[in-house]
Amino acid sequence: MQRIEIKELLATASFGDKVNVKGWVKGFRQNRFIQLNDGSTINTVQAVIDFENTDEALLKRINTGAAVSIIGTLEESQGAGQKFDLTVESLEILGDADPEEVKKTIISPKAHSLEVLREQAHLRFRTNLFGAVFRIRHATSFAIHKYFNDKGYYHIATPIVTGSDAEGAGEMFRVSTLDPKNPPLDENGEVDYSQDFFGKETNLTVSGQLEAELAAMALGKVYTFGPTFRAENSNTARHLAEFWMVEPEVAFNDIIDNMDLAEDFLSYICQYVMDNCADDIQFLNDRELKEDSKKPMVDRNPMSLIERLTFVIENDFERITYTEAIDLLRNSKPYKKKKFKYPVEWGTDLQSEHERFLVEKHFKKPVIIRDYPASFKAFYMRLNEDGKTVGAMDILFPGIGEIIGGSQREERYEVLLEKCKAFDIPEEEMWWYLDSRKFGTAPHSGFGLGFERMVMFTTGMSNIRDVIPFPRTPGRAEF
Ligand code: 4AD
Ligand code: MG
Numbered sequence: 476m477q478r479i480e481i482k483e484l485l486a487t488a489s490f491g492d493k494v495n496v497k498g499w500v501k502g503f504r505q506n507r508f509i510q511l512n513d514g515s516t517i518n519t520v521q522a523v524i525d526f527e528n529t530d531e532a533l534l535k536r537i538n539t540g541a542a543v544s545i546i547g548t549l550e551e552s553q554g555a556g557q558k559f560d561l562t563v564e565s566l567e568i569l570g571d572a573d574p575e576e577v578k579k580t581i582i583s584p585k586a587h588s589l590e591v592l593r594e595q596a597h598l599r600f601r602t603n604l605f606g607a608v609f610r611i612r613h614a615t616s617f618a619i620h621k622y623f624n625d626k627g628y629y630h631i632a633t634p635i636v637t638g639s640d641a642e643g644a645g646e647m648f649r650v651s652t653l654d655p656k657n658p659p660l661d662e663n664g665e666v667d668y669s670q671d672f673f674g675k676e677t678n679l680t681v682s683g684q685l686e687a688e689l690a691a692m693a694l695g696k697v698y699t700f701g702p703t704f705r706a707e708n709s710n711t712a713r714h715l716a717e718f719w720m721v722e723p724e725v726a727f728n729d730i731i732d733n734m735d736l737a738e739d740f741l742s743y744i745c746q747y748v749m750d751n752c753a754d755d756i757q758f759l760n761d762r763e764l765k766e767d768s769k770k771p772m773v774d775r776n777p778m779s780l781i782e783r784l785t786f787v788i789e790n791d792f793e794r795i796t797y798t799e800a801i802d803l804l805r806n807s808k809p810y811k812k813k814k815f816k817y818p819v820e821w822g823t824d825l826q827s828e829h830e831r832f833l834v835e836k837h838f839k840k841p842v843i844i845r846d847y848p849a850s851f852k853a854f855y856m857r858l859n860e861d862g863k864t865v866g867a868m869d870i871l872f873p874g875i876g877e878i879i880g881g882s883q884r885e886e887r888y889e890v891l892l893e894k895c896k897a898f899d900i901p902e903e904e905m906w907w908y909l910d911s912r913k914f915g916t917a918p919h920s921g922f923g924l925g926f927e928r929m930v931m932f933t934t935g936m937s938n939i940r941d942v943i944p945f946p947r948t949p950g951r952a953e954f
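Following this line, the structure appears as structure tokens:
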């Protein structure tokens, strides 16, 4: 008999239908009611078994966590909260789950902290919470591909192993096949990477941007969506050592076009998940409200998850320059009361305490800050007319911080060459990138969206480790 998935069953089946459902037991009450979930939706189907006419040994094996296959007929449910009861005609155990073992895991039906769930990341897919999170993660990813495809962008695969440090931050993981105990040395006693696998020093990519720019200079509109690695020792709720980044790059776009694209893109993603993940969003929305009700007023979210998504769909972001941000901060209460830990001075980078003040306290909405000082931004950003700032833009979200970083690129060969020199980037390493400014160079812009930070926003989860199946962070690469 053909198996039907629960999502489809709930949407299309009728009373009297005979169906085969396969899934995992979520709960078994009164030796009679089996809650079954198969991952296709957060919703369960209730199967009703006639225990008086069922073998005792079989009943004992219907435990939370077990995988079962049920054939039965759909009838109108007598209970509240569901349409169907699946009257069991035959039940087969596909995989047992020992109740004593289950008790020791997060599969057991009681509340477990997010920390404990993380330690059992191999099992947390089974929880309602993580089922919802990972279905929304999928929809968020699909929305991104759909957005670009519908607008005529081409998806470009950029290398994961690379010889360049696109962001110039030096936070890279080395890729090498040399014997760490006995590496070949050159005449200066340094490791001789010319004898390494690629004949040079290589690392895991921190960004696909530089390669995407080359593609944009021919295909016009492209985007990358790939794993990205940063060996920064940041043990925060919004940093991963391995994360996914989405990087559109568009020929002939200036920084204003770039901001318009980013805003439209973000609100499209929010609309898509609202339209396609209604049950999961509602579940996470209600869960957050419940969690918030246990917290003191000041720690609660000022808006619910659904309100936050709707806000991004319906409202424009605030747009200010870095210089305006510095003025705002220096005139702010926390600055005057010396509440900021880090200095607020034109020429120094904004710290997360400053960004949070602007986004969460002052504007209370997403903010785009642009035209940062050239001194602390990447070498490839376009120098503005003032000679001091570059056409950079950061998009900051409440509760998340920087979700997008982007810029208009320096398309002028001479200026870029000077920048490379100033940043100590050897010309012979960047020859291919510089070449793109020699043959039909053109203004172009792009940005990078941290995919997990976006999923934090679409799910409302407040720790980035809870929106990627197997998080990699300093000291942790389990599973
Ligand atoms: O601001 P970033 O470093 O920008 C770039 O890499 C540019 N090459 C992008 C471009 O213009 N094409 O990173 C972009 C975004 C950040 O805004 C943030 O959302 C995310 O990537 N990100 C991280 N997400 C999780 N963990 C980390 N360690 C992250 N570092 C950056
Ligand atoms: Mg950035």
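Residue numbers (the numbering used here): 476 to 954. Beta carbons: idealized from backbone N, C-alpha and C, even for Gly. Computed from a prediction, not measured in an experiment: that's the story for all the values here.
Residue i classed as buried or exposed, judged by whether at least 16 other C-beta atoms fall within 10 angstroms
i	result
residue 911	buried
residue 487	exposed
residue 1012	The displayed coordinates of the chain run from 476 to 954. Any statement about residue 1012 would go beyond what the structure contains.
residue 851	exposed
residue 521	buried
residue 723	buried
residue 964	What the structure shows of the chain is the stretch from 476 to 954, and residue 964 is not part of that stretch, so it cannot be assessed.
residue 583	exposed
residue 718	buried
residue 907	exposed
residue 660	exposed
residue 516	buried
residue 934	buried
residue 817	exposed
residue 656	exposed
residue 483	exposed
Contact test: residue i Cβ vs ligand 2 heavy atom, cutoff 7 Å
i	result
residue 646	no
residue 717	no
residue 732	no
residue 869	yes
residue 927	no
residue 820	no
residue 724	no
Residue i Cβ short of 7 Å to ligand 4 heavy atom set
i	result
residue 707	Within the structure as shown, ligand 4 is missing, the only ligands being ligand 1 and ligand 2.
Cβ-heavy atom distance, residue i to ligand 1, below 7 Å
i	result
residue 831	no
residue 720	yes
residue 881	yes
residue 950	no
residue 866	no
residue 878	yes
residue 924	yes
residue 572	no
residue 582	no
residue 642	yes
residue 433	Lying before the first or after the last residue shown, residue 433 is absent from the chain, which here runs from 476 to 954.
residue 714	yes
residue 684	yes
residue 556	no
Presumed contact (8 Å Cβ cut-off) between residue i and residue j, rounded CB distance
i	j	result
residue 566	residue 524	7 Å
residue 550	residue 490	6 Å
residue 641	residue 670	Not quite, the Cβ-Cβ distance comes to about 26 Å (not below 8 Å), so this is no contact.
residue 720	residue 950	No, residue 720 and residue 950 are not in contact; Cβ-Cβ is about 23 Å, not under 8 Å.
residue 938	residue 712	4 Å
residue 623	residue 630	7 Å
residue 752	residue 787	Not a contact, Cβ separation roughly 15 Å.
residue 898	residue 643	6 Å
residue 919	residue 691	6 Å
residue 734	residue 843	5 Å
Opposing strand residues paired with residue i [DSSP bridges]
i	result
residue 560	521 and 550
residue 629	697
residue 666	660
residue 848	864
residue 726	919
residue 704	717
residue 948	951
residue 882	867 and 921
residue 510	502 and 521
residue 542	499 and 570
residue 872	876
residue 931	Beta-bridge pairing links residue 931 to no other residue.
Ordered list of alpha helix (DSSP H) runs contained in the segment 480 to 507, each at least 4 residues: DSSP runs (the alpha helix (DSSP H)) wholly in the segment 480 to 507: 481 to 487.
Length-filtered (4 minimum) alpha helix (DSSP H) runs lying within the segment 784 to 851: You should have 797 to 805, 808 to 811 and 827 to 831.
Complete runs of the alpha helix (DSSP H) confined to the segment 566 to 654 [at least 4 residues]: Within the segment 566 to 654, the alpha helix (DSSP H) runs of at least 4 residues that lie entirely inside it are, in chain order, 574 to 578, 589 to 594 and 603 to 625.
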